[in-house]
């Protein structure tokens, strides 16, 4: 089994190698934002998962590299367009694509990335390509659905926990599941095994996204990277807020509503007040229990996977790492 | 051979049949703009071409119907995003998607349509699916390149004829070529024959786009549908303007520049003045000769196609129809 860091390096090396090619393509105005977006770095989580799943069944990792890049390019395409819709100005400490290159260019370069991801995917010559392309396409549609739900939730105060979980399944989890399943299929694993890996990815993705919500309020400011409380300031419909709205009695609820409707406020004060409410309602522990629930389901699926324990080791390590646990 | 009108009806019936399914999909905010866009009508030129090419080699037209819808959905996706970039407010006498549903929804529903077009395409079960998906993907990237060139040209006064022709090849012609080639491949035609149909489509597309430029200035207001002179008012870099800038002597050129730079002007006056200049420079005839050049190349390729004359009849009719000629 190839360790995670080696896979990340392989992916970054391949992105760098192709960067020259992208920059040589015309029109430059279309390809420069694509290269900029891919060059911003990041954990390369999705391509790593794809290669790890592939590596469970085959050592010829190079064969799956184009598909690994495809899921990364697709993921970056969603970031480009989401950042326009969310009017986000900074990503990974850099100006977002639409800020740097203009909104029209971000729309169009994003579109080109969507098709570029298919171009990379189709470079793989596997007898399972039809299944992989179908899976990738179904996933892409679902990710759009997830983003739409996320936008719809902005204007709603009555989002249920079930609706929220379905939204993050679509927006985040399915692409992790797809990466794992595609990796397995490309290595010619059995259909059932590839599906198990998909389900592992779904549960891992759910835990991962819930933890992202948790960290934004309860995380360690030193380690978090972003400012703590951003979600609270922006009224983001996180698992925390939805659970709080479901659990709060009338008095607490109206204070919460007051903060949600406030147009002028001191950010620090709002963060402290809402965080305190979360603590009193036990939202911290409720969220932790939910993360644990999905993490354990992921671990159980992994446990039942018909590959040897040594091969699973890196997937377990990566899962622990993603969720900030020591293994 | 199935006549064009029958094919159009088949396509519209299939779009209507799937409309209920699209409207049942959730979230409604994602699918309503898609259904709206596909329901706006239009000539369904690309799916008709796909089915006609298929029908040259097979009578089982139903088998190619999902692929025909795929190229139509893809085409409508490009319209959605182009209309945002161009700030266009009306299309086919209806408010554009971003005007009716908001810009974010137009971006996201457009994205979903891009993937939906793959979903439709992959419904076809042909042994040539890999080739067809590759062709479709290559074409999609090229269409993005074409749109980028078109946007770049807005800020340039030195666009050459060769650059312009390459832009319309990418933005318009390749999708016609792709539709024809995909139809042939799905019917299991020989690779070489499918490529001939691609080249036929390219030349037909070039003639078609040049005629669109010609019509906007010299068309019959009764038949044209849009207001004559829109391109002139908007300083659009059409074949006419580019040819005029290449051909005009200094005096005429500076008058042309004056109009291009004017921010306040009487539209009627600008249209009349520029049209008069075009006429004096012989731009009308130059453009007609260029249209004829591509039309004849298309006809010649069709002539050499290894299918019987009766089968070609409808393609010839459609070409004449597209270019407003009586056959």
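Protein chains in written order, with my numbering: chain A, 1 to 327; chain B, 1001 to 1327. Just so it is clear, CB atoms sit at the ideal spot from N, CA and C, and this is done for glycine as well. Small disclaimer: the values here were computed from a predicted structure and weren't measured.
Exposed or buried, what is residue i when buried is set at 16 or more other beta-carbons lying within 10 Å of its beta-carbon?
i               : result
residue 1117(B) : buried
residue 1276(B) : exposed
residue 1196(B) : buried
residue 1221(B) : exposed
residue 1047(B) : buried
residue 1257(B) : exposed
residue 41(A)   : exposed
residue 1310(B) : exposed
residue 189(A)  : buried
residue 1325(B) : exposed
residue 1125(B) : exposed
residue 44(A)   : buried
residue 1097(B) : buried
residue 1319(B) : buried
residue 5(A)    : exposed
residue 179(A)  : buried
residue 1084(B) : buried
residue 1224(B) : exposed
residue 1211(B) : buried
residue 72(A)   : buried
residue 274(A)  : buried
residue 1169(B) : buried
residue 177(A)  : buried
In three-state terms, what does DSSP make of residue i?
i               : result
residue 1007(B) : helix
residue 174(A)  : helix
residue 415(A)  : This structure gives no information on residue 415(A), because the portion of chain A shown stretches from 1 to 327.
residue 1040(B) : coil
residue 1230(B) : helix
residue 208(A)  : helix
residue 327(A)  : Residue confidence for residue 327(A) is low, a pLDDT of 49 falling below 50, so the modelled location carries little weight; the figure read from the coordinates is stated next. Looking at residue 327(A) - three-state DSSP - the assignment turns out to be coil, as it is neither helix nor strand.
residue 252(A)  : helix
residue 320(A)  : helix
residue 1125(B) : coil
residue 1213(B) : helix
residue 143(A)  : helix
residue 1238(B) : coil
residue 1110(B) : helix
residue 219(A)  : coil
residue 137(A)  : helix
residue 50(A)   : helix
In the DSSP output, what is residue i paired with across the bridge?
i             : result
residue 90(A) : 95(A)
Quick one: which chain B residues come within Cβ less than 8 Å of residue i?
i              : result
residue 137(A) : 1115, 1118, 1119, 1122
residue 185(A) : The premise fails here: residue 185(A) is roughly 15 Å from chain B at the closest Cβ pair, so nothing lies under 8 Å.
residue 81(A)  : 1107, 1108, 1111
So which residues on chain A does residue i lean against when the C-beta distance must stay under 8 Å?
i               : result
residue 1149(B) : 27
residue 1130(B) : 122, 129, 130
Interface residues of chain A around residue i at Cβ under 7 Å?
i               : result
residue 1112(B) : 141, 144
residue 1084(B) : 107
residue 1152(B) : 27, 29
residue 1104(B) : 85, 151
residue 1133(B) : 122, 133
residue 1075(B) : Correct list: empty, because the minimum Cβ distance to chain A is about 13 Å.
Under 6 Å: does the beta carbon of residue i sit that close to some heavy atom of the ligand NAD?
i               : result
residue 1221(B) : Ligands in the displayed structure: none, and consequently the ligand NAD is not present.
Should residue i be flagged as near chain C, meaning a C-beta pair shorter than 7 Å?
i              : result
residue 169(A) : Looking at the structure shown, chain C is missing, and the protein chains on hand are A and B.
Three-pair Cβ contact test at 8 Å for the region 1283-1299 of chain B versus the region 1026-1035 of chain B
No: the two stretches stay apart, fewer than three of their Cβ pairs being nearer than 8 Å.
Please confirm if the region 1173-1185 of chain B is in contact with the region 1048-1064 of chain B, defined as three or more CB-CB distances below 8 Å between the two stretches.
By the C-beta criterion, the region 1173-1185 of chain B is judged to be in contact with the region 1048-1064 of chain B, since at least 3 inter-stretch pairs fall below 8 Å.
Would you call the region 1199-1209 of chain B in contact with the region 1155-1162 of chain B, where contact means no fewer than 3 C-beta pairs closer than 8 Å?
Touching, no.
Would you be able to state if there are at least three C-beta pairs under 8 Å between the region 158-169 of chain A and the region 215-232 of chain A?
Of all C-beta pairs linking the region 215-232 of chain A to the region 158-169 of chain A, fewer than three are shorter than 8 Å, placing the two stretches out of contact.
Using 8 Å as the threshold, is the region 1095-1111 of chain B in touch with the region 1143-1150 of chain B, meaning 3 or more CB pairs across them?
Fewer than three pairs of CB atoms, one per stretch, sit closer than 8 Å, so the region 1095-1111 of chain B makes no contact with the region 1143-1150 of chain B.
Between the region 75-87 of chain A and the region 32-39 of chain A, do three or more beta carbon pairs fall short of 8 Å?
These segments touch.
The region 226-237 of chain A contacting the region 259-276 of chain A, beta-carbon criterion three pairs below 8 Å
The region 226-237 of chain A vs the region 259-276 of chain A: in contact.
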